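Chemist:
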Amino acid sequence: MRLLILNFFALGLMLAQSAALAETVGNVGAANPQAASTPPNAAASRALTLGASIVNREKIETSGEGTAQVTFLDKSTLNVGRNSSVVVDKFVYNPAAGTGEMAASMTKGVLRFVGGQVSHTNGASVKTPIATIGIRGGTMTVIFLPGHRVMVIDQYGRIDVTNKVSSQTILRPGYAVKIDGLNTPIGAPFPVPPNVLAEAMALLTSAPGQHGGAHRWPNDQTAARFDTGSARLPNDPANTPGPQVIGIINLGDTFVSNRAQQQQVNGVIIPIPQTVASPTNNPLVQTVTPQNNNPQNNQFNSSH
Amino acid sequence: MFFDRTTQFILTSILLTKTATAFHWRRACLPALLYCLGFGLCLGLEAAKADVSKAEQDRLFAATFREPANDKLTFEYVRTSIALGDHEAAIGALERLLNYNPRLTRVKFELGMLYFRLGSYETAVRYFKQALEADDLDAAARARIEAYLPDAEKHLSPSQWTGLLQTGLRYQSNVSALPDTGTLQVFGLNLPVSTGQKKKSDWNAFALTQIGNDYDFQNQRGDTLETRFSGYGTAQFSLTQFDLGYVEASLGPRLALAPDLLPGVTIKPYIAGNLSWIGGSQYLNSGGAGVSLRAPLSEVWTIEPGVEWRQLSVKNPGFLITTALGSGDLVTGTLTTSYKINDKLTFEGFGIADGAHADNAWQSFLQGGFQAALRIEFDPPSELFPRRWTLMPYARILWSNFDAPDPFINASLKRRDTDWRTGLLLDMPVTGWFGVAAMFQYTRTDSNIINYRTDDISFMIGPNARF
């Protein structure tokens, strides 16, 4: 009897786990054929369609023409480029707490991950055959290079890259690391080569004639109506008049007023004591003048 | 909405000014009080707004999740996310739309701006260039991209130059820095000034420049070598004895302290020096060194304490050496802070405490004060002007206590000054590099010695160029 209860308990646990695994963790925001996915335990893959659900352990594969974008429940997005293979290993999200966990793995191609709530709190990870990449609060592109090498490009946030023998952290947007193998030390971050970034962007974007599965396409008129592309960037304080300009002008005023006050007393009318000044006892006055004769020393001598 | 808040701030300031004047509060404290209150007011309003928008963003996200191809919902979601400063959410949504239509010029431009904001300049440059290549780009968007593309490209170079050149005309009501009273204190006596010695106003033509070079060592730490140069020259129309020339330069590395443990915290040791001339002859030259620490306390709040020592050499020609500035040592402690209230409103504060140990005891002093400014950026009247305009109200107060009485002025009275100034600066860029700026300022010094009780109204306007 006890064994039976334990068996039922174990079965219940398995069913609960299975239900959790089958829960929708995201959906397909865009898909260009050929893009297909294989849910866990499914015998065959299915063509990715716009709005289709994505569950844990679902594998997404694209052909040389295919691309896909997955939007997760925490607002993060995963763009899968051409000739790629990515598995959503685990995505857990608690919207009330804003916490969760995200793990994916990738065996070929290119992906761009744009972080959401989970990556901002607990971080997210992408596993490749030669390195594991952890990202906290950011945006990154991972691209497989010829020769089974991988490049990780930091576009925002902190990225930790680890293989069997070493690890590197990328802190600067626009910097990248290259991983040459599982047992090869990872080199220091360097500015991303423009050609690699250009290639990655081309692989992640729809080609002319592709529309990501949408039947009605957005246009610039609609974009303008919603202020997209209408804003201006904040000014750079380094070349915009501000406190520094005010400071320099005020410093100049301080210098000039000090010079002026230094010389003011030279024009003051000083009464001379009658006993010294005049035998006639008339009040006379005397103007203090500087000892040297440089006209620059008296503001009023040279003012006209 | 933005102008509603600004209007409320201005109205509150006026109301407080009236109230304060009625109660005869110390004028020196008034500007600081007003700006503190205005700052708090704006902060509260912004916080209230952020709560509302976050709920709206969640609602729109849920809607776009159900209908990913609904472009109107997505654009609305993007607009809300940008307003909230959630640039990544906006990027994800816009890159989805770009999948539906890879020819969306405005979306590429917006993506360029979003990556620019994140500091991902290489990606920003690529999106800007893609948008520029489009045939259907309107004139306003083209003007903006042509302004921002060089800004983004600048960050990709190891040697990054930044500069501002401001020229124009400036009026001052009291260039000669004389008090209203018509008397000056000399040897402890209040004596009348001579008839030719009055407060004098004058105009000048001026040029001011700030040039900076950041040499990026392109290492993971983000270390740079910072070179700064500033120059200021005036040519008075009448009082040419007050023509001013001033140049200053500084050089020092900015080093990340511990990028892993303290991201963004940098320290900068530097050397600095200046030369100046008044009326064609040398006035105050200095040389010294300092160190400052820049620490971001959050994504929107940065503080920068610093300390600096300088050796001053002041040439004060004349018989009676009565000026506040004399040769000697000057040690200055500063605390600069910047708080970004929202995308268009930044509070900038500056506190200073310094001590001058001059060769003459009556030129030695202790000073303390602070400056508060609000950097208000707003959209210009024409879509063709690519950059935002900036309005900056500011106020400064500075207290000075001198170590010893000036024997030529009053042998029994140590000088104590309170200097305060308040003003408004308006910068109006017309193209990416050319613009016009204007500044109005009222300055007042209260002192326990009548010689130094002065006030001055100044106004300047002129064209500027930036790169």
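Sequence order for the protein chains is A and B. Residue numbers for the first sequence follow the working numbering, beginning at 1 and rising by one. Residue numbers for the second sequence follow the working numbering, beginning at 1001 and rising by one. Every residue, glycine too, gets a C-beta built ideally from N, C-alpha and C. Keep in mind that this is a model prediction, so the values were computed, not measured.
1) Going straight from the alpha carbon of A/His120 to that of A/Gly138, what length do you get?
2) Could you check what DSSP says for A/Val192 in three-state terms: helix, strand or coil?
3) For a cutoff of 8 angstroms on Cβ pairs, would you count B/Gln1218 as touching chain A?
4) When you compare the CB of B/Glu1122 with every CB in chain A, is at least one pair closer than 8 angstroms?
5) Could you tell me which residues DSSP puts in a beta bridge with B/Asp1223?
6) Comparing the C-beta of A/Gly147 with each C-beta of chain B, is any distance below 8 angstroms?
7) At what residues does the beta strand (DSSP E) containing A/Pro243 begin and finish?
8) Looking at the strands, I want to know which residues DSSP matches up with B/Arg1396.
9) Identify the contact partners of A/Ser76 in chain B, using a Cβ-Cβ distance below 9 angstroms as the criterion.
10) So with CB distances below 8 angstroms, who are the chain B contacts of A/Ala36?
11) Taking just the CA atoms, how far does A/Gly147 sit from A/Pro129?
12) Would you report the Cα separation of A/Ala223 and A/Asp160, rounded to the nearest angstrom?
13) Give the residues of chain B in contact with A/Met102, contact being defined as C-beta atoms less than 8 angstroms apart.
14) How is the alpha helix (DSSP H) around B/Tyr1077 delimited, first residue to last?
15) In whole angstroms, what is the alpha-carbon distance linking B/Glu1299 and B/Lys1414?
16) Please name the residue or residues paired with B/Arg1117 in a DSSP beta bridge.
17) What are the residues of the stretch 1093 to 1109 of chain B that lie near chain E, defined by any Cβ-Cβ distance shorter than 9 angstroms?
18) Going by the CB atoms, is the gap between B/Ile1352 and B/Ile1409 shorter than 8 angstroms?
19) From what residue to what residue does the alpha helix (DSSP H) around B/Asn1099 run?
20) At a cut of 8 angstroms, does the stretch 202 to 219 of chain A reach the stretch 47 to 58 of chain A through at least three beta carbon pairs?
21) By a C-beta neighbour count over all protein chains shown, 10 Å radius and 16 as the cutoff for buried, is B/Met1460 buried or exposed?
22) Assuming the contact rule is C-beta atoms closer than 8 angstroms, B/Asn1451 and B/Gln1185 should be a hit. Round their C-beta distance to whole Å, please.
23) What number of angstroms, rounded off, separates the C-alpha of A/Val80 from the C-alpha of A/Lys59?
24) List the residues of chain B whose Cβ lies closer than 7 angstroms to the Cβ of A/Ile248, in chain order.
25) Indicate the three-state DSSP secondary structure (helix, strand or coil) for B/Arg1142 in the structure shown.
26) Ordered along the chain, which non-local residues of its own chain (more than five positions away) have a Cβ less than 8 angstroms from that of B/Leu1098?
27) The beta strand (DSSP E) spanning A/Gln168 covers which residue range?
28) May I have the straight-line CA-CA distance separating B/Ala1356 from B/Asp1329, to the nearest angstrom?
29) How about A/Phe91: is its C-beta nearer than 8 angstroms to some C-beta of chain B?
30) Which full runs of the alpha helix (DSSP H) of 4+ residues lie inside the stretch 174 to 226 of chain A, going along the chain?
31) Under 8 angstroms between beta-carbons, which chain A residues line up against B/Ser1276? List them in chain order, please.
32) Should B/Arg1387 be flagged as near chain A, meaning a C-beta pair shorter than 8 angstroms?
33) Could you list which residues in chain B have their beta carbon closer than 8 angstroms to that of A/Ala231, in chain order?
34) Please report the straight-line C-alpha distance between B/Ile1091 and B/Gly1287, rounded to a whole angstrom.
35) Just list the residues that DSSP pairs B/His1357 with in beta bridges.
36) Nearest chain A C-beta to B/Ile1449 closer than 8 angstroms, yes or no?
Modeler: Straight from the coordinates:
1) Taking the first sequence and counting its residues from 1, the one referred to as residue 120 of chain A is at position 120. Taking the first sequence and counting its residues from 1, the one referred to as residue 138 of chain A is at position 138. About 7 angstroms.
2) As a first step, residue 192 of chain A must be located in the first sequence, where it is residue number 192. Look at A/Val192 here: in three-state DSSP terms it is coil, with no helix or strand label.
3) Start at 1 with the first residue of the second sequence, and residue 1218 of chain B comes out as number 218. Taking a beta-carbon distance threshold of 8 angstroms, B/Gln1218 counts as an interface residue toward chain A.
4) Within the second sequence, residue 1122 of chain B is the residue found at index 122, counting from 1. Yes - at least one Cβ of chain A is within 8 angstroms of the one on B/Glu1122.
5) Walking along the second sequence from the start, residue 1223 of chain B turns up at place 223. None, per the DSSP bridge assignment.
6) Start at 1 with the first residue of the first sequence, and residue 147 of chain A comes out as number 147. Not a single CB atom of chain B sits nearer than 8 angstroms to the CB of A/Gly147.
7) Indexing the first sequence from 1 puts residue 243 of chain A at position 243. Per DSSP, A/Pro243 belongs to no beta strand (DSSP E); it is in the alpha helix (DSSP H), 243 to 264.
8) Counting from 1 along the second sequence, the entry for residue 1396 of chain B is found at position 396. In the DSSP secondary-structure assignment, B/Arg1396 is bridged to B/Gln1371, B/Arg1421.
9) Stepping through the first sequence from its first residue, residue 76 of chain A is reached at position 76. Here the neighbours are Glu1088, Ala1089, Gly1092.
10) Numbered from 1 along the first sequence, position 36 holds the residue referred to as residue 36 of chain A. Per Cβ cutoff of 8 angstroms: no residues; A/Ala36 is ~17 angstroms from chain B at best.
11) Mapped onto the first sequence, residue 129 of chain A falls at position 129. Mapped onto the first sequence, residue 147 of chain A falls at position 147. Spanning the two alpha carbons is a distance of roughly 13 angstroms.
12) Along the first sequence, read from residue 1 onward, the residue named residue 223 of chain A stands at position 223. Along the first sequence, read from residue 1 onward, the residue named residue 160 of chain A stands at position 160. A/Asp160 has its alpha-carbon roughly 36 angstroms from the corresponding atom of A/Ala223.
13) Here residue 102 of chain A is taken as the residue at index 102 of the first sequence, counted from 1. Neighbours of A/Met102 on chain B: none; closest Cβ ~14 angstroms, over 8 angstroms.
14) Against the second sequence, residue 1077 of chain B aligns to sequence position 77. In this chain, the alpha helix (DSSP H) harbouring B/Tyr1077 covers 1071 to 1084.
15) On the second sequence, residue 1299 of chain B is found 299 positions in, with the first residue counted as 1. On the second sequence, residue 1414 of chain B is found 414 positions in, with the first residue counted as 1. In a straight line, the C-alpha of B/Glu1299 is about 46 angstroms away from that of B/Lys1414.
16) On the second sequence, position 117 is the one that residue 1117 of chain B refers to. Answer is none; B/Arg1117 lacks a bridge partner.
17) In the structure shown, chain E cannot be found, because the protein chains are A and B.
18) If you number the second sequence from 1, residue 1409 of chain B lands on position 409. If you number the second sequence from 1, residue 1352 of chain B lands on position 352. Remark: C-beta atoms of B/Ile1409 and B/Ile1352 do not approach each other more closely than 8 angstroms.
19) In the second sequence, counting from the first residue as 1, residue 1099 of chain B sits at position 99. Note, B/Asn1099: alpha helix (DSSP H), 1087 to 1100.
20) Here the stretch 202 to 219 of chain A lies against the stretch 47 to 58 of chain A, with 3 or more beta-carbon pairs under 8 angstroms apart.
21) Reading the second sequence from its first residue, position 460 is the one you call residue 1460 of chain B. Label assigned to B/Met1460: buried.
22) Taking the second sequence and counting its residues from 1, one reaches residue 1451 of chain B at position 451. Taking the second sequence and counting its residues from 1, one reaches residue 1185 of chain B at position 185. With 8 angstroms as the limit, B/Asn1451 and B/Gln1185 qualify as a contact, their Cβ atoms being about 6 angstroms apart.
23) On the first sequence, position 80 is the one that residue 80 of chain A refers to. On the first sequence, position 59 is the one that residue 59 of chain A refers to. Cα-Cα distance, rounded: 11 angstroms.
24) Along the first sequence, read from residue 1 onward, the residue named residue 248 of chain A stands at position 248. Simply Leu1208, Ser1230, Tyr1232.
25) Start at 1 with the first residue of the second sequence, and residue 1142 of chain B comes out as number 142. In the three-state reduction of the DSSP assignment, B/Arg1142 falls in the helix class, which pools H, G and I.
26) Against the second sequence, residue 1098 of chain B aligns to sequence position 98. Around B/Leu1098: Leu1104, Val1107, Lys1108, Leu1111.
27) Here residue 168 of chain A refers to the residue found at position 168 of the first sequence. Segment 167 to 170, the beta strand (DSSP E) holding A/Gln168.
28) For this step, residue 1356 of chain B is matched to residue 356 along the second sequence. For this step, residue 1329 of chain B is matched to residue 329 along the second sequence. Going from the Cα of B/Ala1356 to the Cα of B/Asp1329 covers about 6 angstroms.
29) Counting from one through the first sequence, the residue named residue 91 of chain A turns up at place 91. Not one chain B Cβ lies under 8 angstroms of A/Phe91.
30) Taking only runs of at least 4 residues, the alpha helix (DSSP H) segments lying wholly in the stretch 174 to 226 of chain A are 194 to 204, 220 to 225.
31) For the purposes of this step, residue 1276 of chain B is taken as the residue at position 276 of the second sequence. Under the 8 angstroms cutoff, chain A gives Phe255.
32) One-based indexing of the second sequence puts residue 1387 of chain B at position 387. So yes, B/Arg1387 belongs to the interface.
33) The sequence position of residue 231 of chain A within the first sequence is 231, counting from 1. Under the 8 angstroms cutoff, chain B gives Ile1082, Glu1110, Met1113.
34) The sequence position of residue 1091 of chain B within the second sequence is 91, counting from 1. The sequence position of residue 1287 of chain B within the second sequence is 287, counting from 1. Taking C-alpha positions only, B/Ile1091 is separated from B/Gly1287 by approximately 48 angstroms.
35) As a first step, residue 1357 of chain B must be located in the second sequence, where it is residue number 357. B/His1357 pairs with B/Asp1329.
36) Reading the second sequence from its first residue, position 449 is the one you call residue 1449 of chain B. No, its Cβ sits nowhere closer than 8 angstroms to a Cβ of chain A.
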